[in-house]
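Student: Provided herewith is a single structure, encoded as structure tokens, for subsequent inquiry.
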Amino acid sequence: MKGFRDFIMRGNLIELAVAFILGAAFGDVVKSFTAIIMDLIGKLGGTPNFSSFQPGGVHVGTFITAVVSFLILAFVIYFGLVKPFEYAKSHLVSDDPDDVPPTTEELLADIRDILAKDDAPAGGASSPAHKAE
Numbered sequence: 021m022k023g024f025r026d027f028i029m030r031g032n033l034i035e036l037a038v039a040f041i042l043g044a045a046f047g048d049v050v051k052s053f054t055a056i057i058m059d060l061i062g063k064l065g066g067t068p069n070f071s072s073f074q075p076g077g078v079h080v081g082t083f084i085t086a087v088v089s090f091l092i093l094a095f096v097i098y099f100g101l102v103k104p105f106e107y108a109k110s111h112l113v114s115d116d117p118d119d120v121p122p123t124t125e126e127l128l129a130d131i132r133d134i135l136a137k138d139d140a141p142a143g144g145a146s147s148p149a150h151k152a153e
């Protein structure tokens with residue numbers, strides 16, 4: 021039971037569950053907004069519903085309706101969520117180089133330099149062969 025408790029109490033599992041629940045709720049919001057856009061398109065020239073379209077007896081109309089809905093949904097998500105997020109991120113996140121944490125390579129180079137400085141002999145010899153003498 022300890023392993024199960026540890027599994028359930030992992031932080032990333034809880035975050036994933038919250039993201040899934042919020043994603044489902046947000047999906048309903050986007051679907052309803054897509055329905056509004058479909059209705060507005062319907063006001064202009066009829067609601068796009070290809071469900072009864074059957075060229076040669078093949079039921080492709082439902083697929084075409086789903087594709088149109090998907091494209092509208094993608095448009096809404098991109099321009100209603102992604103672009104505003106990118107805009108906010110670009111204006112809220114600092115581009116100051118001092119705020120950027122050092123890379124692993126930079127940290128390792130600093131550690132190497134510190135160790136090299138601590139290992140350097142006081143007499144000025146710089147190679148390990150001189151230390152043995």
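In terms of my numbering, the sequence shown opens at residue 21 and continues consecutively.
Ideal Cβ placement from N, Cα and C applies to all residues, glycine included.
Which residue marks the beginning of the alpha helix (DSSP H) containing ILE89, and which one marks its end?
Tutor: Taking the sequence shown and counting its residues from 1, one reaches residue 89 at position 69. One detail in the question is off: residue 89 reads as Ser in this sequence, not Ile. It spans 81-97 - the alpha helix (DSSP H) in which SER89 sits, taken as one unbroken run.
Student: Is SER75 helix, strand or coil when you go by DSSP?
Tutor: Here residue 75 corresponds to residue number 55 of the sequence shown, with the count starting at 1. Looking at the sequence itself, residue 75 is Pro, so the reference to Ser does not match. The answer is helix: DSSP assigns PRO75 an H, G or I state.
Student: Give the range of the alpha helix (DSSP H) segment to which PRO104 is assigned.
Tutor: Position 84 of the sequence shown, counting from 1, holds the residue named residue 104. First-last of the alpha helix (DSSP H) with PRO104: 103-112.
Student: Given a cut-off of 8 Å on the beta-carbon distance, is the pair GLY81 and PHE70 in contact?
Tutor: Against the sequence shown, residue 81 aligns to sequence position 61. Against the sequence shown, residue 70 aligns to sequence position 50. Result yes, Cβ atoms of GLY81 and PHE70 sit closer than 8 Å.
Student: Does DSSP put PHE24 in a helix, a strand or coil?
Tutor: Here residue 24 is taken as the residue at index 4 of the sequence shown, counted from 1. Correct three-state label for PHE24: helix.
Student: Since VAL96 and PHE53 are thought to touch, with beta carbons under 8 Å apart, how far apart are those beta carbons, to the nearest angstrom?
Tutor: Numbered from 1 along the sequence shown, position 76 holds the residue referred to as residue 96. Numbered from 1 along the sequence shown, position 33 holds the residue referred to as residue 53. Confirmed, about 6 Å.
Student: Taking the alpha helix (DSSP H) that THR124 belongs to, which residues open and close that run?
Tutor: Counting from one through the sequence shown, the residue named residue 124 turns up at place 104. THR124 -> alpha helix (DSSP H) spans 124-139.
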